[in-house]
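Visitor: The structure is given below, and queries will be raised subsequently.
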Amino acid sequence: MSSTTADLPASSPPPAPATRSLNFAPLTGSQLVLGTVALSLATFMNVLDSSIANVSIPAIAGDMGVSPSQGTWVITSFGVANAISVPLTGWLTQRFGQVRLFTASILLFVLASWLCGLAPNIESLIAFRVLQGLVAGPMIPLSQTLLLASYPPAKAGIAMAMWAMTVLVAPVVGPLLGGWITDVISWPWIFYINIPVGLVAAAATWSIYRTRDPGPKRVPLDYVGLALLVLFVGALQIMIDKGKELDWFASTEIVVLTVVAVVSFFFFLAWELTEKHPIVDLRLFARRNFWLGSTSLAIAYGLFFGNVVLMPLWLQQYMGY
6 MSSTTADLPA SSPPPAPATR SLNFAPLTGS QLVLGTVALS LATFMNVLDS SIANVSIPAI
66 AGDMGVSPSQ GTWVITSFGV ANAISVPLTG WLTQRFGQVR LFTASILLFV LASWLCGLAP
126 NIESLIAFRV LQGLVAGPMI PLSQTLLLAS YPPAKAGIAM AMWAMTVLVA PVVGPLLGGW
186 ITDVISWPWI FYINIPVGLV AAAATWSIYR TRDPGPKRVP LDYVGLALLV LFVGALQIMI
246 DKGKELDWFA STEIVVLTVV AVVSFFFFLA WELTEKHPIV DLRLFARRNF WLGSTSLAIA
306 YGLFFGNVVL MPLWLQQYMG Y
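Counted the way my numbering counts, the sequence shown spans residues 6 to 326.
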């Protein structure tokens with residue numbers, strides 16, 4: 006056996022795949038400061054919009070001639086659209102590049118904010134909030150990626166601490182700022198304030214990071230998985246939002262939405278576990294640390310934002326504030 010092996014020519018190592026270098030040198034000096042500020046502004050603006058409209062719902066509903074319960078779609082439409090677009094970040098990043106995608110997301114977010122402020126009715130406002138949530142999806146994960154690439158590995162902890170502080174402060178400031186703007190000016194300005202912040206963040210990000218982008222790469226997209234994800238999340242959200250209004254399972258519409266959500270969810274699980282390029286890699290949940298961390302974050306995020314969303318509405322509608 007050994008002689009046979011010895012007679013064979015030594016195999017040369019396979020050629021290395023053509024990959025683009027992602028290891029850029031950390032930023033220094035004023036560029037590091039400006040880059041950190043730009044990424045923080047974009048992140049702050051994004052997270053702020055998840056809570057700034059909460060206290061403005063009664064004012065928005067009154068101006069639009071709808072009930073406060075219908076007005077809450079202004080909040081949930083943004084969150085659902087955001088949740089759907091986040092899994093696309095990986096594919097979009099490879100297809101268009103980190104910096105291009107991040108900068109485009111900021112500019113489109115600014116455009117969507119402007120359209121939200123101009124919305125003449127609740128239907129158009131919800132549509133523009135969906136657009137705002139969709140384009141906001143890549144901003145959070147890419148801000149982390151760009152921030153970590155800006156600092157040396159030894160200071161990665163400091164970078165993430167600053168990022169976490171921005172993410173935690175924004176939803177607390179949101180209701181306070183939204184309430185003040187609604188009382189002193191008018192509710193459209195809770196969206197207009199994003200315009201100068203977003204333009205500054207986009208300009209600073211592009212000027213500093215445009216040479217640090219590895220460039221685009223063609224990769225396949227899991228269209229079936231994406232469609233099932235949209236169907237599952239959309240049906241579930243509509244069912245939850247309209248459940249009380251339609252008397253829950255006494256309504257045929259709620260029953261149909263529930264069936265659609267459950268069936269599409271199980272099809273989504275089956276498809277993603279067998280797809281070669283899944284839009285959500287569920288196999289990661291086989292790792293204990295990953296699923297424990299993800300579950301803990303999901304529970305903490307739900308409890309935190311649940312209070313941020315519900316408390317202002319409860320205080321305004323039932324406690325007379």
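For glycine and all other residues, C-beta sits at the position ideal for the given N, C-alpha and C.
Taking the alpha helix (DSSP H) that Ser256 falls in, what are its first and last residues?
Guide: Segment: none, Ser256 is in no alpha helix (DSSP H) and carries neither H nor E.
Visitor: What three-state label does DSSP hand Tyr323 in the structure shown?
Guide: In the structure shown, Tyr323 sits in a helix (DSSP, three-state: H, G or I).
Visitor: The alpha helix (DSSP H) spanning Trp192 covers which residue range?
Guide: From DSSP, Trp192 is part of no alpha helix (DSSP H); its letter is neither H nor E.
Visitor: Under 6 Å Cβ to Cβ from Ala209, same chain only, skipping five residues before and after it: list those, please.
Guide: Taken in chain order, the residues that qualify are Leu39 and Ala43.
Visitor: Which full runs of the alpha helix (DSSP H) of 4+ residues lie inside the segment 180–246, going along the chain?
Guide: With a minimum length of 4 residues, the continuous alpha helix (DSSP H) runs that stay inside the segment 180–246 are 194–197 and 199–214.
Visitor: Can you tell me where the alpha helix (DSSP H) holding Pro73 begins and where it ends?
Guide: From DSSP, the alpha helix (DSSP H) with Pro73 extends over Pro73 to Gly76.
Visitor: Beta-carbon separation of Val79 and Ile57 under 8 Å?
Guide: No; because the gap between Cβ atoms is not below 8 Å, this pair is not in contact.
Visitor: With Glu128 as the anchor, note down where its alpha helix (DSSP H) starts and where it stops.
Guide: Looking at the DSSP string, the run of the alpha helix (DSSP H) that includes Glu128 is Ile127 to Ala141.
Visitor: So, helix, strand or coil for Ala58, using DSSP?
Guide: Of the three classes helix, strand and coil, the one that applies to Ala58 here is coil, per DSSP.
Visitor: When DSSP labels each residue in this structure, what does Phe309 get in the three-state scheme?
Guide: Residue state, collapsed to three classes: helix.
Visitor: Going straight from the alpha carbon of Val224 to that of Glu280, what length do you get?
Guide: If you take the alpha carbons of Val224 and Glu280, they lie about 14 Å apart.
Visitor: By alpha-carbon positions, which one of Leu231, Ser35 and Phe49 ends up nearest to Gly203?
Guide: Of the candidates Leu231, Ser35 and Phe49, the one whose C-alpha sits nearest the C-alpha of Gly203 is Phe49.
Visitor: When you compare only the Cα positions, how much space is there between Ser82 and Val71?
Guide: Using only the alpha carbons, I get a separation of about 16 Å.
Visitor: For the putative contact between Leu147 and Leu106, defined by C-beta atoms under 8 Å, what is the C-beta separation to the nearest angstrom?
Guide: With a Cβ gap of about 6 Å, Leu147 and Leu106 count as contacting.
Visitor: With a threshold of 8 Å, are at least 3 pairs of Cβ atoms found where one atom belongs to the segment 306–322 and the other to the segment 173–186?
Guide: Touching, yes.
Visitor: Based on Cα-Cα distance, which residue from Ala88, Gly84 and Trp192 lies nearest to Gly122?
Guide: It is Trp192.
Visitor: Is the separation between the beta-carbon of Gln322 and that of Pro73 shorter than 8 Å?
Guide: Yes, Cβ-Cβ distance for Gln322 and Pro73 is below 8 Å.
Visitor: Could you compute how far the alpha carbon of Ala232 sits from the alpha carbon of Gly325?
Guide: The straight-line gap from Cα to Cα measures roughly 43 Å.
Visitor: Return the first residue and the last residue of the alpha helix (DSSP H) that Ile145 is part of.
Guide: Counting along the chain, the alpha helix (DSSP H) containing Ile145 begins and ends at Met144 to Ser155.
Visitor: With H, G and I counted as helix, E and B as strand and the rest as coil, what does DSSP make of Leu32?
Guide: Leu32 falls in the coil class under three-state DSSP.
Visitor: Express the C-alpha separation of Tyr197 and Gly76 in angstroms, rounding to a whole number.
Guide: Straight-line Cα distance between these residues: approximately 19 Å.
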